[in-house]
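Structure first, commentary second.
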Amino acid sequence: MAKRDYYEVLGLSKTANTEDIKKAYRNLALKYHPDRVTPDKKKEAEEKFKEMSEAYEVLVDKEKRAGYDQYGHAGVEGSFKQGGFQWQDFHHYDDLKDIFGGADVSDLLRGFGFGGDSFGSSRGSRSSRGSDLEYQLEISFDEAAFGGEETITIPRYETCEECRGTGAKPGSKKERCTDCGGRGQVRSSNGFFNVVQACRRCGGEGSIIKTPCPLCGGRGRVKTKRNIKVKIPAGVDSGSRLRIHGEGEAGERGGQRGDLYILIYVKVHEIFERHEADIYCEVPIAYATAVFGGEIEVPTIEGKIMMKIPPGTQAGRQFRLRNKGIAHLHDYSRGDQIVKIQIDIPEDLNQDEKRALKEYARVSAGDKGPLAKRFVEKMKRILK
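Spelled out as structure tokens, the structure:
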């Protein structure tokens, strides 16, 4: 079954701003809350809630939204694990908590039958997702056309090997938090909902580190450099962004890794210019070839080919070479190559060449080429 358009799911137009998106999601989240639907409608509400959360995950994120707007669902496939959107792919847990007045979202999901850890529980909330990283990568024109692979080196936070991300000195023990009794959360009633909040003293850990790891200072991660292979798909252009899931910075206290975004810049080519999937080049030909026709050698991104020039070819005429352009991103088709002809007028002629041209000028006196004839006809119409 084909996926619905994300804007349609949230009841929005494509010009909706971030506030519009958040408002639409809030209204739908309240509408499909498990406590507000009858048992026979719970399955439908569950499907709706997941569908709208997937749409929200994409549209409220500028990078993901840009990919979706340009390529549709194919533009955000890399944002989710194999098998499509799962609750673990949802990064706006706090937005849901705000919608439901700080209520424990784990309880909400249990009401749908998703299980208490679908979004992660409030306990352990001291762990946090790592930051996304951005790397500017300059590639050649050929790499943009055919794809390739580059190895880049980025500085980023990695999980501390000494404490394995716990933040505690190896061999030391954490002490149970006395404020929450080790639960990591305190519960209170807020009218319709049970409000569960992270314990302030332990930050939701349920325990307190008494002896921090000497290597990471209790943060659970350290700064280092990492070599990463980047696969460049055929068809990328300057301004394209590639998302590599899970290659951003490590989260604190075992939190999820961020993502790495590769911003592409394509070097200028000496011969070719690119306009979307088509490429353009100018090729000079001899005056005699323009008059009599012939075959000329034309450069393409795959090598040189021979192209026929018909007799009487004018300067500026364009020839289209089908499927000799750039591959369309996320597609198997290719653009075309446009060859623009320039007449190469010689600057220095020998005596024989001068005599031949003078003779041509004498015998062709009064004759007009196709451009001159068309110009004369236009002048006649104007001056009637």
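In this note's numbering, the protein residues as written are 2 to 385. Just so it is clear, CB atoms sit at the ideal spot from N, CA and C, and this is done for glycine as well.
Sequence-distant residues of the same chain with beta carbon closer than 7 Å to residue i, five excluded per side
| i | result |
| --- | --- |
| Thr212 | Ala169, Lys170, Ser173 |
| Asp21 | Leu13 |
| Lys309 | Glu296 |
| Ile270 | The residue you asked about is not Ile; residue 270 is His in the sequence shown. So the list reads Phe142, once near-sequence residues are dropped. |
| Gly125 | With a pLDDT of 42 at Gly125, under the threshold of 50, the modelled position of that residue is not reliable, and the figure given next carries that caveat. These residues qualify, in order along the chain: Gly185, Gly205, Glu206. |
| Gly219 | Gly168, Ile210, Pro213 |
| Val267 | Ile140, Phe142, Ala145, Asp238, Ser239 |
| Thr19 | Val61 |
| Pro300 | Ile272, Cys282 |
| Gly183 | Arg177, Gly207, Ser208 |
| Pro215 | Lys170 |
| Ile286 | Ile297, Ile310, Ile342, Ile344, Asp345 |
| Gly256 | Ser128, Ser129, Arg130, Gly131 |
| Pro312 | Val292, Phe293, Gly294 |
| Phe147 | Ala235 |
Residue burial classification, residue i (beta-carbon count within 10 angstroms, cutoff 16)
| i | result |
| --- | --- |
| Phe293 | exposed |
| Ala75 | exposed |
| Gly304 | exposed |
| Glu206 | buried |
| Gly252 | buried |
| Arg66 | buried |
| Ala291 | buried |
| Thr39 | exposed |
| Ala25 | buried |
| Arg335 | buried |
| Arg275 | buried |
| Glu250 | buried |
| Tyr361 | exposed |
| Lys42 | exposed |
| Thr225 | exposed |
| Gly192 | Residue placement at Gly192 is flagged as unreliable, the pLDDT there being 47, under the threshold of 50; a coordinate-derived value is accordingly withheld. |
Sequence-distant residues of its chain with Cβ nearer than 8 Å to residue i (five each side left out)
| i | result |
| --- | --- |
| Tyr288 | Ile344, Asp345, Ile346, Pro347 |
| Lys4 | His74 |
| Leu350 | Leu358 |
| Met53 | Val10, Leu11, Tyr26, Leu29, Ala30, Tyr33 |
Beta carbon of residue i nearer than 9 Å to that of residue j
| i | j | result |
| --- | --- | --- |
| Val237 | Ala316 | no |
| Arg318 | Lys341 | yes |
| Val231 | Leu358 | no |
| Ala235 | Leu330 | yes |
| Thr167 | Gly221 | yes |
| Val61 | Asp96 | yes |
| Leu11 | Tyr69 | no |
| Ile306 | Phe273 | no |
| Ile245 | Ala278 | no |
| Gly247 | Arg258 | yes |
| Val223 | Glu298 | no |
| Glu78 | Arg242 | no |
| Thr154 | Arg37 | no |
| Lys44 | Tyr33 | no |
| Cys181 | Cys217 | no |
Cβ neighbours of residue i in the same chain (closer than 6 Å, five flanking residues each side left out)
| i | result |
| --- | --- |
| Asp353 | none |
| Phe86 | Glu55 |
| Gly439 | Residue 439 is absent from the model: the chain starts at 2 and stops at 385. |
| Tyr72 | His331 |
| Asn324 | Arg335 |
| Lys15 | Tyr8 |
| Arg363 | none |
| Phe320 | Val340 |
Distance cut-off 8 Å: residue i Cβ against heavy atoms of the ligand SAM
| i | result |
| --- | --- |
| Cys214 | The ligand content of the structure shown is nil, which means the ligand SAM is not present either. |
One or two residues paired with residue i in a DSSP bridge
| i | result |
| --- | --- |
| Pro347 | For Pro347, which the question treats as bridged, DSSP gives no partner whatsoever. |
| Cys282 | Val340 |
| Tyr262 | Glu135, Arg244 |
| Thr154 | Asn228 |
| Lys305 | Pro300 |
| Thr212 | Its beta-bridge partners do not exist; DSSP assigns none. |
| Glu159 | Val223 |
| Val187 | Gln198 |
| Leu322 | Gln338 |
| Ile327 | Its beta-bridge partners do not exist; DSSP assigns none. |
| Ser141 | Partner(s): none; Ser141 has no beta bridge. |
| Ile310 | Gly295 |
| Arg275 | Ile280 |
| Arg177 | Ser208 |
| Ala287 | Asp345 |
| Tyr233 | Correcting the residue type first, residue 233 is Ile in the shown sequence and not Tyr. Beta-bridge pairing links Ile233 to Gly149. |
CB contact check: residue i to chain D, cutoff 9 Å
| i | result |
| --- | --- |
| His34 | Annotation note: the requested chain D is absent from the structure, which comprises a single protein chain. |
Report task. Specify whether the stretch 246 to 265 and the stretch 276 to 286 touch according to this definition: at least 3 beta carbon pairs, one from each stretch, less than 8 Å apart. Result -> When C-beta atoms of the stretch 246 to 265 are compared with those of the stretch 276 to 286, fewer than three pairs fall below 8 Å, so the two segments do not count as touching.
Requested in this report: Please confirm if the stretch 197 to 205 is in contact with the stretch 152 to 170, defined as three or more CB-CB distances below 8 Å between the two stretches.
Outcome: With the cut-off at 8 Å, the stretch 197 to 205 and the stretch 152 to 170 do not touch.
Query raised in the report: Can at least three beta-carbon pairs, one atom from the stretch 175 to 184 and one from the stretch 128 to 145, be found at a separation below 8 Å?
Result: The stretch 175 to 184, when compared against the stretch 128 to 145, does not touch it at the 8 Å Cβ threshold.
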